[in-house]
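To keep things clear, I will list the structure first and then write my remarks on it.
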């Protein structure tokens, strides 16, 4: 595996379900991000982890719970979601304090909440 | 807060022709980075080109070039000799700060007509 991978690629869940999204980066980066991408809206930054510590939480509802057990893995735990949470969830990684801090993105998980 | 504005929701270009995508941003910072990302349909978002604010010279990557006007806070992307594979959503992005939080525009959908 190379780059940033995300599983599953597609997820359909009911409002009472609990599921988790997984992200793994194989680039040796030390910062990881969760974004929400909805149609006709800018990418919304949800969470940022730098050196495995959460450094940003952009007023995200508590039904989204991130976890970063190490610098290569990032999870997004989902529970009691709402239909408006249906979106493409993108994971990204970067090397903090690198000159450009280019963010490398995963393919995303297309989430549908029924 | 930084904002990024892309005023063209959709653009089209004939194959082999040139197209320019517009982007403006707002910031009070003097040192920052600007990016153009490409997101093909159902594929990963990738970096197309980057520009450092302190550099006056416009960045160029093969058929992709930018017109960076710092005073006007404008950062447009020019695609020359457009190819079918250039069809995608293009996102303008701005970055500054310790862990380099990135602010994205709403995107421009580019259609390439054979």
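Residue numbers (the working numbering), protein chains in the order written: chain A, 14 to 127; chain B, -4 to 109.
Virtual Cβ for every residue (Gly too), placed ideally from N, Cα, C.
To the nearest angstrom, how far is the alpha carbon of residue 75 of chain B from that of residue 27 of chain A?
Numbered from 1 along the second chain, position 80 holds the residue referred to as residue 75 of chain B. Numbered from 1 along the first chain, position 14 holds the residue referred to as residue 27 of chain A. Residue 75 of chain B and residue 27 of chain A: Cα-Cα distance of roughly 46 Å.
Could you spell out where the beta strand (DSSP E) holding residue 29 of chain B opens and where it closes?
Taking the second chain and counting its residues from 1, one reaches residue 29 of chain B at position 34. Element bounds for residue 29 of chain B: 28 to 34.
What does the Cβ neighbour count give for residue 103 of chain B, buried or exposed, with the cut at 16 atoms within 10 Å?
On the second chain, position 108 is the one that residue 103 of chain B refers to. Answer is buried; the Cβ neighbour count reaches 16.
Would you verify that the beta carbon of residue 40 of chain B is, or is not, closer than 7 Å to some beta carbon of chain A?
As a working mapping, residue 40 of chain B is identified with position 45 in the second chain. Yes, its Cβ sits closer than 7 Å to a Cβ of chain A.
Inter-residue Cα distance where the pair is residue 89 of chain B and residue 23 of chain A:
Here residue 89 of chain B refers to the residue found at position 94 when the second chain is read from its first residue. Here residue 23 of chain A refers to the residue found at position 10 when the first chain is read from its first residue. Residue 89 of chain B and residue 23 of chain A: Cα-Cα distance of roughly 29 Å.
Where does residue 32 of chain B land, buried or exposed, given buried means 16+ other C-beta within 10 angstroms?
One-based indexing of the second chain puts residue 32 of chain B at position 37. Residue 32 of chain B is buried by the Cβ-count criterion.
When Cβ atoms are compared, which residues of the stretch 29 to 61 of chain B fall closer than 9 Å to chain A?
30, 32, 34, 37, 38, 39, 40, 41, 42, 45, 47
Separation of residue 72 of chain B from residue 43 of chain B, as counted between CA atoms
Position 48 of the second chain, counting from 1, holds the residue named residue 43 of chain B. Position 77 of the second chain, counting from 1, holds the residue named residue 72 of chain B. Their Cα atoms are separated by approximately 10 Å.
Of the residues B:82, B:69, B:62, B:9, the one placed nearest residue 20 of chain B, counting alpha carbons only
The residue given as residue 20 of chain B occupies position 25 in the second chain. Looking at the Cα atoms, B:69 is the closest of the given residues.
Tell me, please, whether the CB atom of residue 88 of chain A is closer than 7 Å to any CB atom in chain B?
In the first chain, the residue the question calls residue 88 of chain A occupies position 75. Output row for residue 88 of chain A: interface = no.
Chain-ordered residues of the stretch 78 to 102 of chain B with a beta carbon less than 8 Å from chain A
86, 90, 93, 94, 95, 96, 97, 98, 99, 100, 101, 102
Are the beta-carbon atoms belonging to residue 72 of chain A and residue 44 of chain A less than 7 Å from one another?
Sequence index remark: in the first chain, residue 72 of chain A carries index 59 (1-based). Sequence index remark: in the first chain, residue 44 of chain A carries index 31 (1-based). Not a contact, by the Cβ cut-off of 7 Å.
Could you check the C-alpha separation between residue 33 of chain A and residue 89 of chain A for me, to the nearest Å?
To locate residue 33 of chain A, count along the first chain from 1; it is residue 20. To locate residue 89 of chain A, count along the first chain from 1; it is residue 76. Between residue 33 of chain A and residue 89 of chain A, the C-alpha separation is close to 5 Å.
Measuring CA to CA, which of B:85, B:109, B:105 is closest to residue -1 of chain B?
Mapped onto the second chain, residue -1 of chain B falls at position 4. Residue B:85 is the option with its Cα nearest to residue -1 of chain B.
Comparing the C-beta of residue 60 of chain A with each C-beta of chain B, is any distance below 7 Å?
Here the question's residue 60 of chain A lines up with position 47 in the first chain. Not an interface residue.
Report the neighbours of residue 49 of chain A on chain B: residues whose CB is nearer than 9 Å to its CB, in chain order.
The residue labelled residue 49 of chain A in the question sits at position 36 within the first chain. Within chain B, no residue comes near residue 49 of chain A; the closest Cβ sits about 11 Å away, beyond 9 Å.
What would DSSP say about residue 80 of chain A, mapped onto helix, strand or coil?
Against the first chain, residue 80 of chain A aligns to sequence position 67. Note: residue 80 of chain A maps to strand in three-state DSSP.
Proximity test, Cβ basis, 7 Å: residue 115 of chain A and chain B
The sequence position of residue 115 of chain A within the first chain is 102, counting from 1. Chain B, which has a Cβ nearer than 7 Å to the Cβ of residue 115 of chain A, makes this yes.
Contacts around residue 25 of chain A, its chain only, beta-carbon distance under 7 Å, and the 5 residues preceding and following it disregarded
Residue numbering aside, residue 25 of chain A sits at position 12 when the first chain is read from its first letter. If we look at residue 25 of chain A and ignore the five residues flanking it on each side, its Cβ neighbours are 125, 127.
Please check the pair residue 50 of chain A and residue 36 of chain A, which I expect to be a contact at CB under 8 Å, by giving their CB distance rounded to whole angstroms.
Here residue 50 of chain A refers to the residue found at position 37 when the first chain is read from its first residue. Here residue 36 of chain A refers to the residue found at position 23 when the first chain is read from its first residue. Contact doesn't hold; Cβ gap of about 14 Å is too wide.
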